[in-house]
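Novice: What follows is a structure written as structure tokens; I'll ask about it next.
Residue numbers (this note's numbering), protein chains in the order written: chain B, 11 to 427; chain L, 11 to 427.
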């Protein structure tokens with residue numbers, strides 16, 4: 011087996027060290043090495059050391075010239091809704107003109123537009139549509155991407171969405187993590203009669219979850235907990251059933267109003283609680299005392315034109331593990347540009363650059379229960395790497411909106427076009 | 011002379027029609043044609059019509075296949091500070107950690123860091139550094155870019171900066187518009203003695219402006235008017251001298267606090283007043299009643315982590331002509347991604363998509379006194395074009411942070427790499 015050496019980087023940012031996923035990362039150095047090279051063998055990182063030393067240890071190794079760029083762990087995008095049909099570009103302008111969620115729904119927009127659209131599409135179509143989107147995410151530095159179902163809201167359409175993710179895993183070198191989100195919303199047809207809501211939740215528990223698990227189609231179950239969608243009790247019921255069936259848990263929580271979602275995530279031992287722009291002080295304390303990662307999605311608030319952002323500093327300073335993600339989806343965050351999310355994390359959420367990168371790598375991995383597999387440049391980890399055309403890590407959030415990612419590797423295999 | 015036909019665009023967005031530069035553009039349709047082609051000859055647009063008709067009128071014409079993308083006027087970035095030396099990426103994190111402008115200055119940052127750095131560099135060095143930056147701006151869709159001096163603050167260093175812009179004009183197909191901004195700040199050495207401030211302003215008026223005009227090195231003079239920089243009276247004095255010497259006028263005005271800058275711009279007949287996040291109601295009325303374009307820079311407020319944005323709706327609804335620009339500069343807005351500025355214009359400033367595009371094309375051109383030369387797809391205008399990999403104009407701000415520009419042309423010549 012021939013080793014590959016990644017040499018001549020201006021910085022190798024390891025994000026390694028004691029597991030940060032389980033405690034605050036305030037002002038921690040992300041592990042910036044200025045004279046290091048990385049040895050990869052069999053898809054795994056086997057050593058991080060000086061180039062001269064690695065050349066002695068791995069004679070005959072191939073070399074990748076990092077051309078004075080910055081080498082980081084591949085970014086871990088732990089929250090996306092990349093399986094959808096049409097885009098919903100008309101809604102951004104409607105919102106800008108003052109229309110609210112209900113106005114947009116009345117004009118045929120909102121999540122139910124995505125649901126109607128996805129139901130009409132074949133699995134092949136969903137695969138073909140998601141492929142270039144996931145490639146774009148990769149082009150900006152992501153090597154691991156969580157992808158949720160949730161625009162089907164019937165047994166067949168949820169399974170179709172998850173099968174599409176499974177097929178995309180085979181088509182792309184990206185590491186995809188599938189999440190079942192049948193509880194993204196109560197479908198309109200169920201809202202049309204009194205018992206519909208309970209019937210739909212029962213369908214999730216009794217039919218969808220067993221078939222998802224039986225097919226090995228998801229690692230996580232997720233629920234949209236919030237006013238107008240699922241209540242705390244409904245969320246608990248769905249997630250408890252999912253956990254009993256063997257799925258790990260995620261929760262859309264406290265996005266626009268505090269509803270106890272973060273507390274529920276902590277109580278259930280969920281792997282992550284996501285959004286949290288309106289988390290309460292009690293919710294912050296609950297996450298800080300738990301193993302649940304707080305996943306923040308600042309791009310969503312920007313795109314929606316909201317002033318509010320999640321209290322990232324309070325979460326970190328309180329001791330919670332914070333992850334960042336794009337929330338890539340057709341309604342509220344259509345960006346594939348993960349480094350732009352890092353810009354928002356620094357400029358809007360007041361994270362240090364190291365905190366932001368750790369939130370997008372090791373803590374993102376922890377938000378997918380992959381903290382021991384990816385998100386770090388350290389011996390034993392998967393060789394998931396991103397190379398950026400900058401000389402200092404701080405340039406990554408700085409040149410905002412610009413694509414500086416030059417290449418990525420997943421399990422040592424070149425990925426981005 | 012062979013014509014070139016741009017065919018097979020899903021939309022041609024002309025931004026043409028009655029000059030919008032001199033009145034509000036509220037909800038105006040940017041001129042979206044779904045079955046149009048564009049004929050170019052000798053670097054000029056000569057016709058916009060159906061492809062079949064143009065093929066009849068221009069037999070033997072070459073064709074550019076727009077592959078179902080959206081063709082717009084090349085974007086006009088009417089406010090950048092692209093001539094600088096080193097980046098200042100460390101300041102973003104300092105700000106995130108709570109340091110203010112003065113703290114950062116004490117640690118060797120801020121504008122004076124750029125001034126010290128630029129003075130040590132050769133003209134060749136400045137050209138070499140700006141070249142890839144301007145190429146990046148072009149890659150995101152800009153075909154006309156205004157570039158200011160203003161990090162020199164001595165006669166020699168201001169002239170060196172403007173000569174660098176002149177050389178860049180010859181090296182790049184981009185249309186560059188040079189602006190003399192000797193009044194960007196009072197240099198530190200002048201602040202060190204009591205009469206220094208007046209001496210420096212006198213140097214601008216008596217030495218810099220005459221030599222800039224003599225060398226044909228700038229079309230505009232600009233002044234940073236605001237607390238801590240130039241007062242209203244100082245700004246008026248510099249701009250009046252510049253106008254008498256034959257330069258057109260711009261003004262950095264009302265960025266963080268209202269100081270009467272917009273009113274001064276209107277009173278002086280300045281071509282544009284820029285920033286305006288803190289413009290007063292009186293300032294809005296003054297601009298609305300004037301020929302001065304209100305140039306808004308929402309990326310700067312985002313990058314600085316400010317909640318406030320310029321009152322774009324009040325300006326447009328009041329009747330002012332609004333332009334958008336990147337403010338590309340090392341301290342407060344290091345983005346080359348003009349379409350991301352359109353995203354902010356819609357999501358943060360509540361412009362319609364057409365308003366945002368008009369602000370980035372025809373109104374940007376008006377902010378450079380080029381409204382009759384570029385910024386429109388109409389017969390007689392320069393063939394400055396941008397082709398985006400989208401099917402509907404509304405996707406341009408929607409896929410935020412993503413680079414969708416496939417190609418640009420300046421005077422009919424392919425530009426972006």
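Just so it is clear, CB atoms sit at the ideal spot from N, CA and C, and this is done for glycine as well.
1. At the 9 Å Cβ level, is residue 32/B part of the contact set with chain L, yes or no?
2. Considering only DSSP beta bridges, list what residue 432/B is partnered with.
3. So if DSSP puts residue 282/L in a beta bridge, which residue, or which two residues, is it bridged to?
4. Indicate whether at least one CB of chain L lies closer than 9 Å to the CB of residue 405/B.
5. Between which two residues does the beta strand (DSSP E) carrying residue 397/L extend?
6. Starting from the Cα of residue 312/B, find the closest Cα among 78/B, 298/B, 279/B, 359/B and give me that residue.
7. At the 9 Å Cβ level, is residue 409/B part of the contact set with chain L, yes or no?
8. Hey, how far is the Cα of residue 32/L from the Cα of residue 388/L?
9. Pick out whichever of 103/L, 303/L, 21/L has its Cα sitting closest to the Cα of residue 58/L.
10. Quick one, are the C-beta atoms of residue 144/L and residue 171/L less than 9 Å apart?
11. Residues in the region 127-154 of chain B with C-beta within 7 Å of chain L's C-beta atoms, listed in sequence order?
12. Taking CB distances under 9 Å as the criterion, tell me whether residue 108/B reaches chain L.
13. Could you tell me whether the region 313-321 of chain L touches the region 91-108 of chain L, using the rule of 3 or more Cβ pairs below 8 Å?
14. Out of 162/L, 217/L, 62/L, which has the shortest C-alpha to C-alpha gap to residue 255/L?
15. Taking a cut of 7 Å between CB atoms, which residues from the region 316-347 of chain L lie near chain B?
16. Just to check my reading of the structure: residue 244/L and residue 297/L have Cβ atoms closer than 8 Å, yes? What is that Cβ distance to the nearest angstrom?
17. Looking at C-alpha atoms only, which residue of 338/B, 365/B, 110/B, 396/B is the closest neighbour of residue 19/B?
18. From residue 34/L to residue 265/L, what distance separates their C-alpha atoms?
19. With DSSP as the reference, label residue 227/L as helix, strand or coil.
20. Just to confirm the assignment, what range does the beta strand (DSSP E) spanning residue 8/B have?
21. By the criterion of Cβ-Cβ separation under 8 Å, what are the contact partners of residue 413/L in chain C?
22. What separation, rounded to the nearest whole angstrom, lies between the Cα atoms of residue 37/B and residue 223/L?
23. Residue 97/L touches chain B at which residues, Cβ-Cβ below 7 Å?
24. For chain L, is any of its Cβ atoms less than 9 Å away from the one on residue 87/B?
25. Got a sec: is the Cβ-Cβ distance from residue 353/L to anything in chain B below 9 Å?
26. Using 9 Å as the threshold, is the C-beta distance between residue 16/B and residue 74/B below it?
27. Considering only residues of the same chain and omitting the five flanking positions on each side of residue 404/L, which have a CB-CB separation below 8 Å?
28. So does the region 405-417 of chain L actually touch the region 335-353 of chain L, counting three or more Cβ pairs closer than 8 Å?
29. I believe residue 336/B touches residue 153/B by the beta-carbon criterion, under 8 Å. Please report the beta-carbon distance rounded to the nearest angstrom.
30. Please list, in chain order, all residues of the same chain as residue 124/B whose beta carbon is under 8 Å from its beta carbon, the five residues on each side excluded.
31. Taking C-alpha atoms, which residue in 247/B, 325/B, 45/B, 268/B lies nearest to residue 238/B?
32. DSSP puts residue 158/B in a beta bridge; with which residues?
33. Roughly how many angstroms lie between the CA atoms of residue 45/B and residue 84/B, to the nearest whole one?
34. Under 9 Å between the Cβ atoms of residue 236/L and residue 263/L?
35. Mind checking who residue 419/B pairs with in its DSSP beta bridge?
36. Between which residues of its own chain and residue 122/B is the CB-CB distance below 7 Å, once the five residues before and five after are set aside?
Specialist: Walking through what the data contain:
1. The count along the first chain starts at 1 and reaches residue 32/B at position 22. Since pLDDT at residue 32/B reaches only 45, below the 50 mark, its modelled position is unreliable, and no value is offered.
2. Outside the shown range of chain B (11 to 427) lies residue 432/B, about which nothing can therefore be said.
3. Within the second chain, numbered from 1, the residue matching residue 282/L stands at position 272. 260/L, 303/L.
4. Position 395 of the first chain holds residue 405/B. True, the Cβ-Cβ gap to chain L drops below 9 Å.
5. Here residue 397/L refers to the residue found at position 387 of the second chain. Here the beta strand (DSSP E) through residue 397/L covers 395-398.
6. Position 302 of the first chain, counting from 1, holds the residue named residue 312/B. Taking only the C-alpha atoms, the option nearest residue 312/B is 359/B.
7. Reading the first chain from its first residue, position 399 is the one you call residue 409/B. At least one chain L Cβ lies under 9 Å of residue 409/B.
8. Within the second chain, the letter at position 22 stands for residue 32/L. Within the second chain, the letter at position 378 stands for residue 388/L. Here residue 32/L scores only 45 on pLDDT, less than 50, and its place in the model should not be relied on; the value that follows carries that caveat. Whole-angstrom Cα-Cα distance: 18 Å.
9. Within the second chain, the letter at position 48 stands for residue 58/L. Measuring from the Cα of residue 58/L, the nearest candidate turns out to be 21/L.
10. Your numbering for residue 144/L matches position 134 in the second chain. Your numbering for residue 171/L matches position 161 in the second chain. Their beta carbons are not under 9 Å apart, which means residue 144/L does not touch residue 171/L by this criterion.
11. From the region 127-154 of chain B, only 146 have a Cβ closer than 7 Å to chain L.
12. Residue mapping note: residue 108/B aligns to position 98 of the first chain, counting from 1. At least one chain L Cβ lies under 9 Å of residue 108/B.
13. In the pairwise beta carbon analysis, the region 313-321 of chain L is classified as touching the region 91-108 of chain L: at least three pairs are separated by under 8 Å.
14. Within the second chain, numbered from 1, the residue matching residue 255/L stands at position 245. Closest by alpha carbon: 217/L.
15. Contact annotation: in the region 316-347 of chain L, residues whose CB is within less than 7 Å of a CB in chain B are 317, 344, 345, 346, 347.
16. Looking up residue 244/L in the second chain gives position 234. Looking up residue 297/L in the second chain gives position 287. The Cβ separation is near 21 Å, so there is no contact.
17. Here residue 19/B is taken as the residue at index 9 of the first chain, counted from 1. Considering only alpha carbons, the answer is 396/B.
18. Position 24 of the second chain, counted from the start, is the residue given in the question as residue 34/L. Position 255 of the second chain, counted from the start, is the residue given in the question as residue 265/L. For residue 34/L, the pLDDT reaches just 41, beneath the cut-off of 50, and the residue's location in the model is therefore unreliable, although a value from the coordinates is still provided. Their Cα atoms are separated by approximately 22 Å.
19. Position 217 of the second chain, counted from the start, is the residue given in the question as residue 227/L. Residue state for residue 227/L is assigned as coil, using DSSP reduced to three classes.
20. Residue 8/B is absent from the model: chain B starts at 11 and stops at 427.
21. Looking at the structure shown, chain C is missing, and the protein chains on hand are B and L.
22. Here residue 37/B refers to the residue found at position 27 of the first chain. Here residue 223/L refers to the residue found at position 213 of the second chain. Interpretation of residue 37/B is limited by its pLDDT of 46, a score under 50 that renders its predicted location unreliable; the figure taken from the coordinates is listed afterwards. In this model, residue 37/B and residue 223/L are separated by some 50 Å (Cα to Cα).
23. Residue numbering aside, residue 97/L sits at position 87 when the second chain is read from its first letter. Correct list: 405, 408.
24. By one-based count along the first chain, residue 87/B stands at place 77. Residue 87/B does not count as touching chain L.
25. Looking up residue 353/L in the second chain gives position 343. Under the 9 Å criterion on CB atoms, residue 353/L is classed as interfacial with respect to chain B.
26. Taking the first chain and counting its residues from 1, the one referred to as residue 16/B is at position 6. Taking the first chain and counting its residues from 1, the one referred to as residue 74/B is at position 64. Cβ atoms of residue 16/B and residue 74/B: closer than 9 Å.
27. The residue labelled residue 404/L in the question sits at position 394 within the second chain. Only 363 meet the Cβ criterion.
28. Output reads yes: the region 335-353 of chain L touches the region 405-417 of chain L.
29. For the purposes of this step, residue 336/B is taken as residue 326 along the first chain, with counting starting at 1. For the purposes of this step, residue 153/B is taken as residue 143 along the first chain, with counting starting at 1. Incorrect: roughly 14 Å between the Cβ atoms, too far for contact.
30. Here residue 124/B is taken as the residue at index 114 of the first chain, counted from 1. Taken in chain order, the residues that qualify are 94, 95, 96, 98, 161, 340, 341.
31. Position 228 of the first chain holds residue 238/B. Residue 238/B has its Cα closest to that of 268/B, out of 247/B, 325/B, 45/B, 268/B.
32. In the first chain, the residue the question calls residue 158/B occupies position 148. Here residue 158/B is bridged, per DSSP, to 189/B.
33. Walking along the first chain from the start, residue 45/B turns up at place 35. Walking along the first chain from the start, residue 84/B turns up at place 74. In this structure, the straight-line span from the alpha carbon of residue 45/B to that of residue 84/B is close to 20 Å.
34. If you number the second chain from 1, residue 236/L lands on position 226. If you number the second chain from 1, residue 263/L lands on position 253. Yes, they are a contact pair.
35. Translated into the one-based positions of the first chain, residue 419/B becomes position 409. Under the DSSP definition of a beta bridge, residue 419/B partners with 395/B, 424/B.
36. Sequence index remark: in the first chain, residue 122/B carries index 112 (1-based). Excluding its 5 nearest sequence neighbours in each direction, residue 122/B has C-beta neighbours in its own chain below 7 Å: 115, 198, listed in chain order.
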